[in-house]
Structure formats: structure tokens, C-alpha cells
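Trainee: Let me give you the structure first, and then I'll get to my questions.
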Amino acid sequence: MTKITCPKCDGKKLYKMSTGRRQCAQCKYDFFPHALPLRLTRREWREIIHLFLMGQSSNSIVEQTGLDKKRVLRALLKIRMVLAKDIPDIFSGTVEVDETYLGGAWKNKRKVVRDIGTKRGRGTSKQPVFGILCRNGQVWAEIVENVDDVTGGIIFPNCGGIIFHT
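Everything in the sequence shown is counted per the working numbering, starting at 833 for the first residue and increasing by one.
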């Protein structure tokens, strides 16, 4: 008999919940212990990954592959979990940091909104995005609420050995 472990952090200590689910003591992730494995062929995996990377919705992937929707959703969840594990913990060496503002063009806004005023930079109503580029090819981008926290050093309080370029 195999021991049940947490699928997220591989923790060994689990709590049994009243609904039949298990909860990991380490990361607090709850899951069904005996979920059936995904039985997909390599061709089906390749097709799902290709369509996922092309930006297709889950419904269009279901239509194009002919698979059950629950199987496709579980496969997409597995793909997202694998991609999330690939995020680097820390950057090293020479790092470029910058913020930008993303949003629709003012010409596409209603006249009432345009009359308020078009601002650029920190006073704009667009969404600020903070990005980091490591010279060895790693890229990280995050939507931030307040750009002052980023530039003020809250995100990078004490990073020794890293050269920042802005």
C-alpha cells in the first residue's frame, strides 16, 4: 500500500477532513486522496500543451481534441502547476528592473473619461506592471498595486551581490 502524500509540497503529515478530503499540515492544501490519474497518450498531451500555449480556452481545447472537459481541465491544472514550479526563487548577477503601465488607449475611452485628463506615468489610471530581467535570460513580471513600494525598496530590501539597472 502506498502512503498518501500532498500533491503540492509532498508533505507526509495529513489531516482527514469530514468531507473525505485530506489537508496537508505543512502547506494547508486540501485534496482528494484517491483522484484517478490522468491517462492521456503522448499525442493528446502534446496537443493539449500546444493549444494551451497558443492561448486557446479550455472549451475550444475540448472541441478540438474531442476529450472530456474534466480531463482537459485536470490536464491544464497539471500544466499550470508545472509552469508555476519553474519560477526562480532569487535572481543573481546583473538584473534590469523597470515598471510600465498597461491599459487601453485614450482614444478608445468615452468622452466623459477623456475629459478628466490624460496623465502619463505615475498619475495614470492604467495598471502598473513591474518587471525584472536577469541577464541570463530569466524574466519575471508582476502586477503591482503601488509602484512606490517597488521603487522604495520594499520588494528588494537587502539583496547582496545583485547589480540593479533601472
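Don't be surprised by glycine CBs; every beta carbon is placed ideally from N, CA and C. Predicted, not measured: the structure shown is a model, and the values here were computed from it.
Among residues of its own chain, excluding the 5 on either side of ILE881, which ones have a beta-carbon nearer than 8 Å to its beta-carbon?
Mentor: If we look at ILE881 and ignore the five residues flanking it on each side, its Cβ neighbours are ILE911.
Trainee: Cα-Cα, which of VAL945, ARG967, LYS917 and ARG946 is closest to VAL927?
Mentor: Ranking the options by Cα distance to VAL927, first place goes to ARG967.
Trainee: Excluding the 5 residues flanking GLU879 on each side, which residues of the same chain have their C-beta closer than 7 Å to its C-beta?
Mentor: Excluding residues within five positions, the ones whose Cβ falls inside 7 Å are THR897.
Trainee: Check GLN896 in the structure and name its three-state DSSP category.
Mentor: DSSP places GLN896 in helix when its eight states are reduced to three.
Trainee: Got a sec? Which residues, its chain only, sit under 6 Å from VAL971 by beta carbon, not counting five neighbours each side?
Mentor: The residues are LEU965.
Trainee: If we ignore side chains and look at the alpha-carbon of each, how far apart do ARG906 and SER889 end up?
Mentor: Distance between the alpha carbons of ARG906 and SER889 is about 14 Å.
Trainee: Can we count ARG906 as close to the ligand COA, meaning its CB is less than 7 Å from some heavy atom?
Mentor: In the structure shown, the ligand COA is absent, as is every other ligand, since no ligand is present at all.
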